[in-house]
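Under the numbering used here, the first residue of the sequence shown is numbered 1, with each subsequent residue one higher. Note that beta-carbon positions come from the ideal geometry of N, C-alpha and C, so glycine has one too. Note that the structure is a prediction, hence the values are computed from the model and not measured.
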Amino acid sequence: MMGLHDMHSINVFGIGAAVVGIAGICFTAQACREAFVIPPSGERTYLVVAMTFVMAVDLLIACIGSWITLLGMQIGGGAHG
Numbered sequence: 001m002m003g004l005h006d007m008h009s010i011n012v013f014g015i016g017a018a019v020v021g022i023a024g025i026c027f028t029a030q031a032c033r034e035a036f037v038i039p040p041s042g043e044r045t046y047l048v049v050a051m052t053f054v055m056a057v058d059l060l061i062a063c064i065g066s067w068i069t070l071l072g073m074q075i076g077g078g079a080h081g
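So, in structure tokens, the structure goes:
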């Protein structure tokens with residue numbers, strides 16, 4: 001089993017970025033749920049679109065962080081197998 005001290009700094013960065021992205025998705029999802037309490041109007045539409053954009057960016061951050069970690073651990077394949 002690999003311990004924390006066996007991990008390279010790029011792996012720790014990737015895991016941290018993935019966790020931050022997932023936390024951002026959770027917070028944005030809660031804010032989006034609360035935005036639906038606002039009566040239907042143009043402002044609510046803009047707010048939900050903005051929250052959806054922020055959620056998409058957080059998803060991208062989580063995916064890139066996971067990808068960096070997998071590449072750093074050489075699980076994603078590559079020349080070193």
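Three-state secondary structure assigned by DSSP to residue i
i   : result
F36 : coil
M73 : coil
G81 : Low per-residue confidence applies at G81: pLDDT is 48, beneath 50, and the placement is therefore not dependable enough to give any value.
S66 : helix
S9  : helix
Expected contact under 8 Å - CB spacing of residue i and residue j to nearest Å
i   : j   : result
A18 : S66 : 5 Å
V82 : I61 : In the structure as shown, the chain begins at 1 and stops at 81. Residue 82 is therefore absent and cannot be evaluated.
I68 : I10 : 6 Å
L59 : I38 : Between I38 and L59 the Cβ distance is about 24 Å, and since that is not below 8 Å, they are no contact.
Which listed residue (the options) has its alpha carbon closest to that of residue i
i   : options               : result
F27 : I10, P39, A56 and G14 : A56
E34 : L70, I22, M51 and G16 : M51
Buried or exposed by the 16-neighbour rule on C-beta atoms within 10 Å, applied to residue i
i   : result
G14 : buried
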